[in-house]
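K.L.:
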């Protein structure tokens, strides 16, 4: 069974973010929403985080759900479209 650290875009900083958010398993991550995780991380830490953190969350959730390993920056264009539309 995969662990969070086995996922393509998960390094020490993302593992720490998941710990802060209470995400301990790939199964828990698969049930998560990147928008909610990103907002909760900012709420819990009391500070803004780089929007690229959302990209990493989206990529890792996608991998947890589908097994497809994509680079986090593949999700940047999706986030930027949403930002331009006022949806992020």
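In my numbering, the protein residues as written are 3 to 90.
For each residue, glycine too, the CB sits at the ideal point set by N, CA and C.
1. Measure how close the beta-carbons of residue 19 and residue 43 come, nearest whole angstrom, since I'm counting them as under 8 Å.
2. Can you grab the Cα-Cα spacing for the pair residue 64 / residue 32, in whole Å?
3. For residue 17 and residue 87, what's the separation of their Cα atoms in angstroms?
4. So, with DSSP's three-state summary, where would you put residue 51?
5. Beta carbon of residue 53, beta carbon of residue 83: below 8 Å?
6. Just to confirm the assignment, what range does the alpha helix (DSSP H) spanning residue 84 have?
P.N.:
Straight from the coordinates:
1. 6 Å
2. 7 Å
3. 30 Å
4. coil
5. no
6. 78 to 86
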